[in-house]
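Q: Be aware that the sequence shown starts at 5, since it is given in the numbering used here, and climbs by one per residue. Just so it is clear, CB atoms sit at the ideal spot from N, CA and C, and this is done for glycine as well. Just so it is clear, the structure is predicted and the values come from calculations on it, not from any experiment. Below you'll find the structure I mean.
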Amino acid sequence: MSTPTPPAETVTALARRYRLELDMGTTPNTPVWTLVPGVTEFTPKVEPTQQEVTTYDAEGWSEQAVTMLAWSIETTIAHRAHPTTGIFNAAQEALRKASRSFGAKSYVRVRYYDRNGAPDAQEGSALVTWEPDGGGPDEVDTIKVTLTGSGPLVEITNPVSGGGTFAVKSGGDA
C-alpha cells in the first residue's frame with residue numbers, strides 16, 4: 005500500500021481575508037467601488053432551497069433537488085467617523101440610508117473578494133438591514149449589517165489578482 009501524498013495547501017486562511025466594497029457610482033454601468041471600512045466580522049452565505057423529488061425508482065430512498073439559491077452577507081462594522089468633523093464614513097452612511105429607503109433606493113450593489121488575490125470574488129445587488137449594537141458607555145459603536153441578496157451573486161475576477169494591483173496605504177490618513 006502506498007503512502008498518500010500530503011496536500012500542498014497546509015496554511016489555514018484567515019477570516020480577515022475578505023474585503024467588502026460598495027458601488028457608490030451614480031452613473032449606470034460605471035461602478036465606483038468604495039471600501040466599507042471597519043469590518044470586524046464577515047460571514048458570506050449561499051443557502052439552497054431543496055425540494056423533494058422522490059420517485060418509486062429511488063427504492064425507498066429520499067431524493068432532493070436544489071430549486072433556488074439565496075445569498076446574504078452578515079457583517080459587523082465599527083462605525084467610522086472623521087476625527088475632526090465627526091462626519092460618518094460615506095460608504096457606511098450609504099448602507100444606513102439604503103436600509104431606511106423604499107423602491108430602487110433600498111438596493112445597493114456590493115462586491116467582496118479575497119484581499120490576498122485568491123480566486124474568491126463575488127458581486128450582487130442586495131437589500132440592507134442596519135442594526136446598531138448599542139452597549140454601555142465604555143463600548144465602541146458597532147453595527148450589524150445584513151445584506152440580503154436580490155438576484156444572482158455573480159463570480160467575478162478578483163480585482164487584486166493577477167494583473168491588478170493592490171496598494172496598502174500606510175499612515176493615519178487612510
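In this structure, what does DSSP give as the bridge partners for Thr-60?
A: Note that residue 60 corresponds to Tyr in the displayed sequence, not to Thr. DSSP lists no partner for Tyr-60.
Q: Would Val-50 and Leu-24 qualify as a contact pair, given that the criterion is a beta-carbon distance under 7 angstroms?
A: No, the pair does not count as a contact, with Cβ atoms beyond the cut-off.
Q: Could I get the ranges of all uninterrupted beta strand (DSSP E) runs contained in the segment 74-125, with 3 residues as the minimum, in chain order?
A: Runs found: 111-118.
Q: Within 10 Å of its beta-carbon, does Arg-104 have 16 or more other beta-carbons around it, so buried, or fewer, so exposed?
A: Exposed is the call here.
Q: Per the DSSP calculation, Ser-154 is bridged to which residue(s)?
A: Bridge partners of Ser-154: none, in fact.
Q: Give a yes or no on whether the C-beta atoms belonging to Ala-95 and Thr-16 are separated by under 7 angstroms.
A: It is not a contact, given that the beta carbons lie outside the stated cut-off.
Q: Can the beta-carbon of Ser-165 be found less than 7 angstroms from the beta-carbon of Gly-121?
A: Taking 7 angstroms as the Cβ cut-off, Ser-165 and Gly-121 qualify as a contacting pair.
Q: Considering only the alpha carbon of each residue, which of Arg-115, Ser-6, Glu-135 and Gly-42 lies closest to Asn-162?
A: The residue with the shortest Cα to Cα distance from Asn-162 is Arg-115.
Q: Could you give the DSSP three-state label for Ala-19: helix, strand or coil?
A: Looking at Ala-19 - three-state DSSP - the assignment turns out to be helix.
Q: Buried or exposed: where does Ile-91 fall if 16 or more other Cβ atoms within 10 Å of its Cβ makes it buried?
A: So Ile-91 ends up on the exposed side.
Q: Look at the Cβ atom of Thr-146, then the Cβ atom of Ala-62, and state whether they are nearer than 7 angstroms.
A: No. Outside cutoff.
Q: Can you list, in chain order, the residues of its chain whose CB lies under 7 angstroms from that of Leu-131, leaving out five sequence neighbours each side?
A: Cβ within range, chain order: Ser-110, Tyr-111, Thr-152 and Ser-154.
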